[in-house]
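Residue numbers in the sequence shown follow our numbering, run continuously in steps of one, and reach 1410 at the last position.
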Amino acid sequence: MNMEFLQHYWWILISLLGGLLVFLLFVQGGQTLLYTIAKTDDERNLLVNSLGRKWEFTFTTLVVFGGAFFASFPLFYSTSFGGAYLAWMVVLFCFVMQAVSYEYRRKAGNLLGEKTYNIFLIINGVIGTICIGAVVGSFFTGNPFKLGEMNDVTWMSPWRGIEVLFNVANLCLGLAIFFLARTLASLYFMNNIKHDVIYERSKKQVLYNSIPFVILLLAFLAIILLGKGYAIMEDKSIQLVPYKYFHNLLEMPLNTLILLIGVIGVLFGIIKSILKPHWRKGIWYSGIGIVLAVIALFIVAGFNNTAFYPSYTDLNSSLTIYNASSSLYTLKTMAYVSLASPIVLAYIFYAWRALNKKQIDIQDVKDDHHAY
């Protein structure tokens, strides 16, 4: 295992964790639908308890994603968190609000009341998904920073990361992730909840949210594929090259195939769920598809001599998998530890199936004294 192999290996693992995180954002998407799909308190409690069985998967994956990035590419961690800390604080605060809401929402005697915690969940679902999508979009569009001789970061914007929302491409991806999360949540409700009315409302939301998702995603792809990208030149300098990300797709056909399979899986799950009555498996086709698609997009951003965290104010401060990675010893040691990942994934799969042995209904929520 040489240095270059390990750098690529760890970027693939980061891409996998990113794909899983985007899929699990269906929890956030479901929280934004509490007053759309549910019309009564009992129906809202049913949605919250369906999501409450899964929200810790999303939270844990976010932490693992951040931890893996810190361990394998620490310069990205110090640059992004050290410079764009306002954007990350917004995301982290939204997830803290979510954890508090699931813990105290229906606790007897809570001072804020159930409705307040519902609002907190909606805020987490809206702001959390859009901000995460916009930050990932900046992997393609760039950020305003400059690194010093000791890799100290100077952020060239007073907005401290919030400026990612001012870029059209970033905003398109952020909103696409928001509507994707709502689409996946609707598919999840169709699969997990035993309630005919909620099933039909969820099917409508699949249609209503998948259309803007597809439009916004196509807009993002058009902007980045037809624009300039940040390429590593032979002398190790960073330059803007026309159609860089489009060339990455052409020059990495296997990755492009993965992207196409992912997109087909997402669309198949959505379309069949809309057209076929009483079909409940759309979440799995679309979920696996989105994981594959996100993996492919991350690889487009980091492989083939591309800067994965570019700086548009100082091109040569841009971060690549080569200049931002940990030492050979650290990457190699962690690579051995990562071999235990299949065991962790098997446990998650087992826990998910245990929680999904049967569809949840309103009576389950009423009878469960530990309900959210």
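From the three backbone atoms N, C-alpha and C, an ideal C-beta is built for every residue, glycine too.
Please read these numbers as outputs of a predicted model, since none were measured by experiment.
Neighbourhood of Ile1215 by C-beta distance below 6 Å, restricted to the same chain and skipping five residues each side:
Cβ neighbours of Ile1215 beyond the five flanking positions: Thr1167 and Gly1171.
What would DSSP say about Gly1186, mapped onto helix, strand or coil?
For Gly1186, the secondary structure class from DSSP, reduced to helix, strand or coil, is coil.
Straight-line gap, Gly1212 to Thr1179 (C-alpha atoms, nearest Å)
Whole-angstrom Cα-Cα distance: 13 Å.
Kindly indicate which three-state DSSP category Leu1176 falls into: helix, strand or coil?
Note that residue 1176 is Ser in the sequence shown, not Leu. Judged by DSSP in its simplified three-state form, Ser1176 adopts helix.
Please report the distance separating the alpha-carbon of Tyr1283 from that of Ile1262.
Rounded to the nearest angstrom, the two C-alpha atoms are 7 Å apart.
Is the beta carbon of Thr1070 sitting closer than 9 Å to the one on Ala1219?
Yes, the Cβ-Cβ distance between Thr1070 and Ala1219 is below 9 Å.
Per-residue DSSP class, three states only, for Tyr1073
In the structure shown, Tyr1073 adopts coil according to DSSP, grouped into three states.
Tell me which residues share the same chain as Leu1350 and place their Cβ nearer than 8 Å to its Cβ, disregarding the 5 neighbours each side in the sequence.
According to the sequence provided, residue 1350 is Tyr. The question's Leu does not apply to it. Contacts found: Thr1179, Gly1180, Asn1181 and Pro1182.
Going by beta-carbon coordinates alone, are Ile1398 and Ser1088 separated by less than 9 Å?
A contact, by the Cβ cut-off of 9 Å.
Run through DSSP, which three-state label would Gly1267 get?
Gly1267 falls in the strand class under three-state DSSP.
Extent of the continuous beta strand (DSSP E) run through Trp1193:
According to the DSSP assignment, Trp1193 belongs to the beta strand (DSSP E) that extends over Val1191 to Trp1193.
Range of the contiguous beta strand (DSSP E) that encloses Gln1277:
Ile1276 to Pro1280 is the span of the beta strand (DSSP E), which, as asked, contains Gln1277.
What are the boundary residues of the alpha helix (DSSP H) that includes Ser1224?
Its alpha helix (DSSP H) spans residues Val1206 to Asn1230.
If I measure Cβ to Cβ from Gly1307 and keep anything under 8 Å in the same chain, skipping five residues before and after, which residues do I get?
The beta carbon of Gly1307 is closer than 8 Å to those of Leu1225, Lys1319, Gly1320, Ile1321, Trp1322, Tyr1323, Ser1324, Gly1325 and Gly1327 in its chain, skipping five residues each way along the sequence.
Let's see if you can read the secondary structure: which residues bound the alpha helix (DSSP H) around Glu1201?
DSSP places Glu1201 outside any alpha helix (DSSP H), giving it a letter other than H or E.
Expressed to the nearest angstrom, what Euclidean distance is found between the alpha-carbon atoms of Asn1293 and Ile1386?
Approximately 26 Å, taken between the alpha carbons.
Do you know offhand how far Asp1273's Cα is from Met1372's?
CA-CA distance, Asp1273 to Met1372, rounds to 30 Å.
For the 8 Å Cβ check, are there 3 or more pairs between the stretch 1381-1396 and the stretch 1120-1133?
In short, these stretches do not touch, since the Cβ pair count stays below three.
Nearest-angstrom Cα separation, counted from Phe1227 out to Thr1221:
Going by the C-alpha atoms only, they are around 10 Å apart.
Taking the Cβ atom as the reference point for each residue, do Asn1156 and Arg1082 lie within a distance shorter than 9 Å?
In terms of Cβ geometry, Asn1156 and Arg1082 form a close pair [threshold 9 Å].
Host alpha helix (DSSP H) of Ser1139 (start-end):
Note, Ser1139: alpha helix (DSSP H), Tyr1123 to Tyr1142.
My guess is that Tyr1281 and Ala1345 are in contact by the Cβ rule of under 8 Å, so how many angstroms apart are they, rounded?
Ala1345 and Tyr1281 do not touch by the CB rule: their CB atoms are close to 16 Å apart, not below 8 Å.
Measuring alpha carbon to alpha carbon, tell me which of Phe1336, Asp1234, Val1164 and Arg1198 ends up nearest Leu1084.
Per the Cα distances, Asp1234.
Out of curiosity, what's the CA-to-CA distance linking Ala1223 and Leu1100?
Distance from the CA atom of Ala1223 to the CA atom of Leu1100, rounded to whole angstroms, is 18 Å.
From the DSSP output, which residues share a beta bridge with Leu1357?
In the DSSP output, where bridge partners are listed per residue, Leu1357 has Tyr1347.
C-alpha gap between Val1279 and Glu1289, whole angstroms:
Near 15 Å, if we compare the C-alpha coordinates of Glu1289 and Val1279.
Are there 16 or more other CB atoms within 10 angstroms of the CB of Arg1239, so buried, or fewer, so exposed?
Residue burial annotation: Arg1239 is buried, with at least 16 other C-beta atoms found within 10 angstroms of its C-beta.
Please report the straight-line C-alpha distance between Leu1357 and Val1206, rounded to a whole angstrom.
Straight-line Cα distance between these residues: approximately 22 Å.
Among the residues of its own chain, which have a CB less than 7 Å from the CB of Ala1331, if the five just before and after it don't count?
Excluding residues within five positions, the ones whose Cβ falls inside 7 Å are Leu1297, Gly1300, Val1301 and Val1304.
Considering Cα atoms alone, identify which of Ser1248, Ser1118, Trp1093 and Lys1370 is closest to Ser1195.
With distances taken between Cα atoms, Ser1195 lies closest to Ser1118.
At what residues does the alpha helix (DSSP H) containing Lys1396 begin and finish?
Looking at the DSSP string, Lys1396 is not in any alpha helix (DSSP H), and its letter there is neither H nor E.
DSSP three-state call for Asn1286: helix, strand or coil?
Three-state result, Asn1286: helix.
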